[in-house]
Amino acid sequence: MKPTLSIIMPCYNCQDTLEEAVGSCFAGGLDNFEIVMVDDGSTDATREVMQELADRHSEIKLFYHDKNKGGGAARNTGIKNSKGELIFCLDSDNILDPNSLREMVHFLLEKKADGVVFYERRFFHSKSKKMFTPHFNTILGKPIIIDNIFDRSGILLDNFLFTKESFLKTSQYPEHHGFDTQSFEMRYLSAGNLVLVCPDTFFYHRQNSSEPSYFEREFNKGNFSVNYYLAIEDIWGLLSSYAKKEILAYDVFKNSSLKENLSILLQDLYSEKNLLVAQDLKVTASDRPSELYDNFIVNYRQKKYSEALDVCKRLLENKIDSKIVYFSLLRSSVGLSGSESNLIEKHVMEILNGLATESKILNKWYTRNLTAFKIVQFIQKLWKK
């Protein structure tokens, strides 16, 4: 018997596109599958559309978030409540080719792979799928590796098929920042999973000029590089000391244009230097900036915010006063205030953007024995530029 396939569909204010996305799943000739839909706090008629579809199709299961938590949280909820041995996450505004997902399932089983990626993604506007710009995953006949994210091969793993076993080995989608798919693909590949491109398969990726995607909104707000940095933190232990040093010195708040951002920096570093050096991330006694920052990463991951804060202070004392260090100082401070771990980065960005300077969160960490004056000075100077 073929393994069960669970199609996970995060839903947020998608009343106009949801039915078409679901219809493309049923048009694919799949058998032994379920669709797990998770509403992420929609404010339009999405829930009503979900219920109508579930009434028509017994394969559909519905789950709800009482507030908007982000795509990563919705995917995690869906996977947690799925029964399939195979997982495929489909955005609620994308459309499957009738044959491609079925072919990908066969290909994954035949090759004994952990994950399988579409060969082609077709960007389209409105309902016309004749006018599109293709993007190709061109690595055929050999496994995709973590290096391919940085070597300008253009690999994308945002919509891909994978085994639940490999998901559990990788850990779930991150919920503390918006680049959850980018972060997950980095961790998935760094975990040693076998990922292949399935030839002659594709899906349609909707681009709506009137309603930009989350990625486009973050890019337009100048938050691309800081989100990308948060994704990179998940594979920090794989980076060389040189790469870490360059990242720490990089202005992730200022450099977020198409021509200048953190992703481009890492691609340049990969082509010029040895960017990736596999190693275990652990606390050290070194005062070298890159190794000292390793200590921050380890402590912050373990929610040891006081220890993480001390590391940031030491970095500042050693004249390593980059924006990433101040950003991490703020994260540790807000963590100490009792903020939920998956909301810390959101609160810090509100503080940095001047939206919460008088909030209870800020007041809590401001009154602690911290280098508050330096932090406030930095914020005021940074956001006047």
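Note that our numbering gives residue 1305 to position 146 of the sequence shown, counting from 1, and the numbers run on in steps of one. Just so it is clear, CB atoms sit at the ideal spot from N, CA and C, and this is done for glycine as well.
(1) Between the Cα of isoleucine 1219 and the Cα atoms of Leu1502, Lys1239, Ser1165, which residue gives the shortest distance?
(2) Which residues does DSSP pair with glutamine 1366 in a beta bridge?
(3) Taking 8 Å as the cut-off, decide whether the C-beta atoms of phenylalanine 1338 and aspartate 1273 are in contact.
(4) Are asparagine 1501 and glutamate 1334 touching if we call contact CB-CB under 8 Å?
(5) If you run the structure through DSSP and keep just helix, strand and coil, what is serine 1518?
(6) By Cβ distance below 7 Å, which residues in the same chain neighbour leucine 1189 in space, the five residues on each side in sequence not counted?
(7) Residues in its own chain within less than 7 Å of glutamate 1499 by CB, not counting five upstream and five downstream?
(8) Report buried or exposed for glycine 1217, applying the criterion of at least 16 other Cβ atoms within 10 angstroms of its Cβ.
(9) To the nearest angstrom, report how far apart aspartate 1175 and aspartate 1199 are at their CA atoms.
(10) Let me know the secondary structure DSSP gives glycine 1332 once reduced to three states.
(11) For lysine 1403, which of helix, strand or coil comes out of DSSP?
(12) Return the CA-CA distance between aspartate 1480 and serine 1241, expressed in angstroms with no decimal places.
(13) To the nearest angstrom, report how far apart serine 1492 and asparagine 1454 are at their CA atoms.
(14) State the DSSP-derived secondary structure class of histidine 1216, mapped to helix, strand or coil.
(15) Looking only at its own chain, which residues have a Cβ that is under 8 Å from the Cβ of glutamine 1210, when we skip the five neighbours before and after it?
(16) Would the beta-carbon of glycine 1243 fall within 8 Å of that of lysine 1328?
(17) Secondary structure at isoleucine 1423, three-state DSSP: helix, strand or coil?
(18) Any idea what DSSP makes of glutamine 1174, helix, strand or coil?
By the coordinates alone:
(1) Residue 1219 sits at position 60 when you count from the first residue of the sequence shown. Looking at the Cα atoms, Ser1165 is the closest of the given residues.
(2) Counted from its first residue, the sequence shown places residue 1366 at position 207. Answer by DSSP bridge pairing, in chain order: His1284.
(3) Residue mapping note: residue 1338 aligns to position 179 of the sequence shown, counting from 1. Residue mapping note: residue 1273 aligns to position 114 of the sequence shown, counting from 1. It is not a contact, given that the beta carbons lie outside the stated cut-off.
(4) Sequence index remark: in the sequence shown, residue 1501 carries index 342 (1-based). Sequence index remark: in the sequence shown, residue 1334 carries index 175 (1-based). Yes; because the gap between Cβ atoms is below 8 Å, this pair is in contact.
(5) Residue 1518 sits at position 359 when you count from the first residue of the sequence shown. Confidence is the limiting factor: at serine 1518 the pLDDT is only 49, short of 50, which leaves the residue's position unreliable, though a coordinate-based value still follows. Three-state result, serine 1518: coil.
(6) Your numbering for residue 1189 matches position 30 in the sequence shown. Excluding residues up to 5 positions away in sequence, Leu1164, Leu1260, Arg1261 lie with their Cβ nearer than 7 Å to the Cβ of leucine 1189 in the same chain.
(7) Looking up residue 1499 in the sequence shown gives position 340. Nothing meets the Cβ criterion.
(8) As a position in the sequence shown, residue 1217 is number 58, starting the count at 1. Note on residue identity: the sequence assigns serine, not glycine, to residue 1217. Burial call: exposed.
(9) The sequence position of residue 1175 within the sequence shown is 16, counting from 1. The sequence position of residue 1199 within the sequence shown is 40, counting from 1. Spanning the two alpha carbons is a distance of roughly 16 Å.
(10) Position 173 of the sequence shown, counting from 1, holds the residue named residue 1332. Glycine is not the amino acid found at residue 1332; the sequence shown has tyrosine there. Coil, per DSSP.
(11) What you label residue 1403 is simply residue 244 of the sequence shown in a count that begins at 1. It is helical.
(12) For the purposes of this step, residue 1480 is identified with residue 321 of the sequence shown, where counting begins at 1. For the purposes of this step, residue 1241 is identified with residue 82 of the sequence shown, where counting begins at 1. If you take the alpha carbons of aspartate 1480 and serine 1241, they lie about 45 Å apart.
(13) Here residue 1492 corresponds to residue number 333 of the sequence shown, with the count starting at 1. Here residue 1454 corresponds to residue number 295 of the sequence shown, with the count starting at 1. If you take the alpha carbons of serine 1492 and asparagine 1454, they lie about 16 Å apart.
(14) Within the sequence shown, residue 1216 is the residue found at index 57, counting from 1. Coil at histidine 1216, not helix or strand.
(15) In the sequence shown, counting from the first residue as 1, residue 1210 sits at position 51. Excluding sequence neighbours, glutamine 1210 sits near Leu1221.
(16) Reading the sequence shown from its first residue, position 84 is the one you call residue 1243. Reading the sequence shown from its first residue, position 169 is the one you call residue 1328. Contact: no.
(17) In the sequence shown, counting from the first residue as 1, residue 1423 sits at position 264. Helix, per DSSP.
(18) By one-based count along the sequence shown, residue 1174 stands at place 15. In this structure, glutamine 1174 counts as coil in the three-state DSSP scheme.
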